[in-house]
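For the sequence shown, this note's numbering assigns the number -19 to the initial residue and increments by one for each residue that follows. Here the structure is laid out as structure tokens; the discussion comes afterwards.
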Amino acid sequence: MDTIVNVIGILYGLVLILAFFVRNKVIESMRIDALFMPQATENSRPVNLVAGVLVAGYGIYSLLTR
């Protein structure tokens, strides 16, 4: 079960990283800045990159240290 949760975390981290570079309806709805910030703009897009690297990195770290 832990492996599944970590893989889902890695995939979501990759989606967040992709949201920084790609403008797509599906990916736009997954943006963390659009979910939690009241006035999400193009200037708040880098939040997705940072959060995506952290989430994916933690998931990879958790998988490798088992």
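Here a beta-carbon is modelled for each residue, glycine too, at the ideal position from N, C-alpha and C.
What does the alpha-carbon distance come out to for the pair residue i and residue j?
i, j, result
"isoleucine -12", "tyrosine 41", "14 Å"
"alanine -1", "alanine 36", "14 Å"
"phenylalanine 1", "asparagine -14", "23 Å"
"threonine 21", "tyrosine 38", "27 Å"
"serine 24", "proline 18", "11 Å"
"aspartate -18", "glycine 32", "19 Å"
"leucine 29", "lysine 5", "17 Å"
Are there 16 or more other CB atoms within 10 angstroms of the CB of residue i, so buried, or fewer, so exposed?
i, result
"arginine 46", "exposed"
"leucine -4", "buried"
Using a threshold of 8 Å, state whether the C-beta atoms of residue i and residue j are closer than that.
i, j, result
"valine 27", "isoleucine 12", "yes"
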